[in-house]
Structure formats: structure tokens, C-alpha cells
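Below, the structure is given as C-alpha cells:
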């Protein structure tokens, strides 16, 4: 196995007003690996993403791209982690798509030409060339989703982490997103319930339930295990269920 | 769900659209300042201002109907105040009528006051309308920044512009969900109660969203300052435009002082 780029060791988190969301999560992701993180609602998947980005202070060890997450290193960790949130309206907060994609690179302190180049590249990578001047409010859900992806691609993160990337997308928008994700280089962590997307994009699947990892292995094996899937509130991906 | 945007015609390609936003902002402020500085009931000095605005309007190819509708939308307060002047301002009576035993007089001075107020309101609102109709909101924000308006205020305006419609969509969805169940009827007490509930839910959602937006910003390295791509410097034409409007406004004020004392 190649050098891990993301390592989680006994990550625990307890919401101040709620139940224990993470009860000792341990797994690592190798550079270039594509991992799907699945599980029923409330399994702790989204909380885990927030913990990796340092938005909730979890116990245990989180290492990303050589930085051990702490109050001091949180900026370095976030710089290498491209986090795509579930609702693109939260991610696209600038008045223009171009400004939004430029936000990350400009905040990194890059020169104006470099920022411009990255904006152009990132928008091209998500097939939104020429959308620089558009207002996010006027985009379709699929366009918003791709624009949100571009905002983190422009930062060239080492790990791309996406929360429910295909939520609310129509079949065509979803197919397009899957095509895009398959073409992206680098390490990708996809969280969600779209098991077919994960089967298509990710080589490996981690199943979480009640704040714990309950299965971890090749996507085709884990997702095909009907008993495992059903005992954790999931089902076989439609493409597999159809085959019987 | 789509809303009418504030800057509907702002993406045009006419010469006035191409002017630098900061130059246009300064020019609009100068026109408004000159309008309010012209002495009370002096109509002649307002004429060149109106001519200048009309020329700008024509150059920007803003549809008249659109402009008229917008001006009407912002006029109720000014009209409500102006309509009282003919009855309240002391002066020679030019007419009277009685309502239920009360005799109400209309004075000449009052009518002039009302016309003065309406004219000044109309010119100021027109100038502001032309500014936002020929300048995109985000460019206006950059102009504010260049004119040293506090950064926090500019950032806040940017967020307002971005999320105003998102929030009003959310409110619309909540109201539809309620209407789907009560059909817009029901005892008023219950309706009032559910309305306060809606406001509460909207507030909580807004609060949650604000947190998620902050996360999205922090995830991309936000440290308190919004940096945006550099803007093009002012061209000679922009300087000339701003200088001409400011000088014209000053000349009108001076003329007003000299003529009317």
C-alpha cells in the first residue's frame, strides 16, 4: 500500500447536546485512492468530514498530507483538503461564480495571473467554461454542484472530500458528475447514499454505522454483501440488485 | 423560483455601462448632492440636472416603462409627504372645499412646495436608479471598496445580495408548505400562531446556514478578509466623466446661489 495521505486513529466525537457521533473511527486512505464512505442516516459520516476539516474538535488522531490536525495546523490541513459541502448554496457565497472560484486561490495569496489561470482551469475541469460572470443564484442545481466542485479544485487539494455529491441531481446531471469524478486525478473521499455512484467511482468502500466502521474493503465486495448492507439500513446498488 | 434582480439591465454593453463603477458612483452622489443643495422652490437649476440624467438614460438604453415602474415603487413615502403640503403650508388660498363641516384650503405656496419636493425626490431616485441599472451590483461593491467604505460593510452587502433571494425562496417554500395544509384558511388565532412559527423556523435555518457558509469559507482558508481579483484601473474617460459631473453639479449650486441669493 502506498504512503497514506489520510490517517484516522480512534477518532471520537460527542455532540454537546446529542449522542456520541463518532465512537473510535480508524482507517487510512492511500494517496490516489478513491474511497466511498457509506452508512445510514446518523451514522456519523458527515460529522467525520467536519472532524477531518477541524470544524468539530474530535478526540483521537487525524493526519492529512503529513500534518497532524491540531489548533495550530488546522489551516495547513484545510489547505490540502478540498471539502465540498452538501448544499452548493452554502459553498457558493460570492456574487459571481468567477469570484467564488477565485476565493480559495486568492486567500492562499497567489498572484493575480495565477488565480486567473486556476479559475479558468477549474471551471474547464467541471465543464463550466465562460461561467465566470454568472450569479450562483441563477444556476441550475447541476451547475451549482459543479461550480462548488470547481471552487475547491482551484485550490488543487491533495484530498477531495465530498458530502452527498449527487443529492438533488437529475439522472443526466448525476451521470455527468460521475463522468467528471472518474476523470479527476488524486485522492477522493465520497460520502453518501448513492451506492451506484460509489460503486462506479470508488475502488474501496468503508461502511459506518452508529459512529463506528463496520466494514472496509473493495467496493464491489462490500456493496455486494446483501446481508451486510441490509443489516446497516442500506441496500444493494441498483445495478447489482438488477443482476440478482 | 426566480425573482426580479436589483440590477436587471446592468449587464448591457453601452458606453455608460462600460464606465468605471467608482466613477459612476461618485457622479451619482454628485448629482444627488447638487439636487438637494439647490434652494427651496428653485426649479430652473434642476433643469440641467434632469437633462443630464435623461441623456445618460438614453445612452444606457434603459427601457422607460421599466424605469417608471421602479420609480413608482419607491415613491409612496415622498408622495405621502408631498400630498400634505398644499393643505398645511401657509400662503394665499387658491381653492377650498369642505369635508363634513371642515373647510380645507389649498395654498399656492403649498403646491409649489409639493412640486419642489416631488421634483427633488424624482431626480435623486432617478440618479440612483440609473446607477444600479448600468452597474452590476458586484462592481458597485468593488467601487465601495475602492472608495474606502469599511470592508465589513461591503462584505455584509455582498452576503445580503447573495443570500436575500435564497432566504426568500426558503420563506416561500415554508409558506407553501403551510398553505398546502391549511388552504390559506383557518381560525386567525391558529394562523397567527403558525406565522410566528414560520419566522422562528426561518431564523433557525438562517442561523444554521450562516454556520455552514462560514465553514465553507474557512475550509478554503478564510482569515477575515475577502480578497477578490484586481480591478482594471480608471481610464481617462472615467476620470473625465466623474470630473465633468462633479464640476457640473458644483456649477449648478453656484449658479443657484448667485441667481437667487
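Residue numbers (the working numbering), protein chains in the order written: chain A, 663 to 906; chain B, 669 to 929. Just so it is clear, CB atoms sit at the ideal spot from N, CA and C, and this is done for glycine as well. From a predicted model like this one, the values you see are computed outputs, not experimental measurements.
Along the chain, where does the beta strand (DSSP E) that runs through residue i open and close?
i                      : result
residue 825 of chain A : 821-825
residue 721 of chain A : 721-726
residue 675 of chain A : 666-676
residue 688 of chain A : 682-692
residue 841 of chain A : That residue, residue 841 of chain A, is in no beta strand (DSSP E); its alpha helix (DSSP H) goes 833-845.
residue 798 of chain A : Note, residue 798 of chain A: premise wrong, no beta strand (DSSP E); not H, not E.
residue 878 of chain A : 874-880
Where residue i and residue j are concerned, what is the direct C-alpha to C-alpha distance, given to the nearest angstrom?
i                      : j                      : result
residue 722 of chain A : residue 873 of chain A : 14 angstroms
residue 801 of chain A : residue 893 of chain B : 26 angstroms
residue 861 of chain B : residue 844 of chain B : 16 angstroms
residue 815 of chain A : residue 784 of chain A : 6 angstroms
residue 696 of chain B : residue 712 of chain B : 20 angstroms
residue 877 of chain B : residue 816 of chain B : 29 angstroms
residue 844 of chain A : residue 863 of chain A : 6 angstroms
residue 827 of chain B : residue 756 of chain A : 7 angstroms
residue 687 of chain B : residue 720 of chain A : 52 angstroms
residue 669 of chain B : residue 709 of chain B : Confidence is the limiting factor: at residue 669 of chain B the pLDDT is only 43, short of 50, which leaves the residue's position unreliable and the question unanswerable from this model.
residue 656 of chain B : residue 749 of chain B : Not covered by the structure: residue 656 of chain B. The range shown for chain B is 669 to 929.
residue 736 of chain B : residue 727 of chain B : 17 angstroms
residue 775 of chain A : residue 735 of chain A : 28 angstroms
residue 675 of chain B : residue 729 of chain B : 14 angstroms
residue 835 of chain A : residue 751 of chain B : 56 angstroms
residue 770 of chain A : residue 742 of chain A : 11 angstroms
residue 705 of chain A : residue 880 of chain B : 20 angstroms
residue 702 of chain B : residue 694 of chain B : 12 angstroms
residue 806 of chain A : residue 859 of chain A : 19 angstroms
residue 868 of chain B : residue 794 of chain B : 37 angstroms
residue 839 of chain A : residue 750 of chain A : 14 angstroms
residue 781 of chain A : residue 914 of chain B : 38 angstroms
residue 704 of chain B : residue 848 of chain B : 50 angstroms
residue 836 of chain B : residue 789 of chain B : 29 angstroms
residue 824 of chain B : residue 830 of chain B : 10 angstroms
residue 863 of chain B : residue 841 of chain B : 13 angstroms
residue 675 of chain A : residue 717 of chain A : 11 angstroms
residue 878 of chain A : residue 694 of chain A : 17 angstroms
Measure the Cβ-Cβ separation of residue i and residue j and say whether it is below 8 angstroms.
i                      : j                      : result
residue 726 of chain A : residue 788 of chain A : no
residue 847 of chain A : residue 865 of chain A : no
residue 952 of chain A : residue 854 of chain A : As shown, chain A starts at 663 and ends at 906. That puts residue 952 of chain A outside it, with no answer to give.
residue 748 of chain A : residue 692 of chain A : no
residue 746 of chain B : residue 714 of chain B : no
residue 687 of chain A : residue 875 of chain A : yes
residue 691 of chain B : residue 801 of chain B : no
residue 745 of chain A : residue 823 of chain A : yes
residue 776 of chain B : residue 759 of chain B : yes
residue 708 of chain A : residue 825 of chain A : yes
residue 813 of chain B : residue 804 of chain B : no
residue 888 of chain B : residue 813 of chain A : yes
residue 721 of chain B : residue 791 of chain B : yes
residue 698 of chain A : residue 867 of chain A : yes
residue 690 of chain A : residue 668 of chain A : yes
residue 754 of chain A : residue 715 of chain A : no
residue 832 of chain B : residue 846 of chain B : no
residue 758 of chain A : residue 795 of chain A : yes
residue 798 of chain B : residue 734 of chain B : no
residue 731 of chain B : residue 808 of chain B : no
residue 724 of chain A : residue 670 of chain A : yes
Along the chain, where does the alpha helix (DSSP H) that runs through residue i open and close?
i                       : result
residue 802 of chain B  : 776-802
residue 928 of chain B  : 904-928
residue 689 of chain B  : 689-705
residue 758 of chain B  : Looking at the DSSP string, residue 758 of chain B is not in any alpha helix (DSSP H), and its letter there is neither H nor E.
residue 805 of chain B  : 805-814
residue 779 of chain A  : 774-787
residue 733 of chain B  : 732-742
residue 807 of chain A  : 803-815
residue 729 of chain B  : Run containing residue 729 of chain B: none; DSSP gives neither H nor E here.
residue 770 of chain A  : Run containing residue 770 of chain A: none; DSSP gives neither H nor E here.
residue 891 of chain A  : 888-893
residue 1009 of chain B : Any answer about residue 1009 of chain B is impossible in this case: the structure gives chain B only from 669 up to 929.
Would you grab the beta carbon distance between residue i and residue j for me? Rounded to a whole angstrom, and I think it's under 8 angstroms.
i                      : j                      : result
residue 899 of chain A : residue 857 of chain A : 4 angstroms
residue 754 of chain B : residue 782 of chain B : 6 angstroms
residue 774 of chain B : residue 763 of chain B : 5 angstroms
residue 869 of chain A : residue 673 of chain A : So it is not a contact: roughly 16 angstroms between Cβ atoms.
Any heavy atom of the ligand SAM within a distance shorter than 7 angstroms of the CB on residue i?
i                      : result
residue 796 of chain A : The ligand SAM is not part of this structure, which contains no ligands at all.
Starting from residue i, find everything on chain E with Cβ-Cβ shorter than 9 angstroms and list it in chain order.
i                      : result
residue 808 of chain A : You won't find chain E in this structure, because its protein chains are A and B.
Going along the chain, which residues of the stretch 796-810 of chain B sit with their C-beta nearer than 9 angstroms to a C-beta in chain A?
-> Of all residues in the stretch 796-810 of chain B, 804, 805, 806, 809 have a Cβ within less than 9 angstroms of some Cβ in chain A.
Note down, in chain order, all residues in the stretch 751-766 of chain A with a beta-carbon under 9 angstroms from any beta-carbon belonging to chain B.
-> Cβ contacts with chain B: 751, 752, 753, 754, 755, 756, 757, 758, 760, 761, 764, 765, 766.
Which residues, in order along the stretch 788-802 of chain A, keep a beta-carbon less than 9 angstroms from a beta-carbon of chain B?
-> Result list: 795, 797, 798, 799, 800.
Select from the stretch 727-760 of chain B all residues with a C-beta closer than 9 angstroms to any C-beta belonging to chain A, and list them in chain order.
-> Listed in sequence order: no entries.
Which residues, in chain order, does the stretch 696-727 of chain A contribute to contact with chain B at a C-beta distance below 8 angstroms?
-> Residues passing the 8 angstroms Cβ filter: 712, 715, 717.
May I ask you to list, following chain order, the residues of the stretch 868-883 of chain B that have a beta carbon less than 7 angstroms from some beta carbon of chain A?
-> Flagged, chain order: 877, 880, 881, 883.
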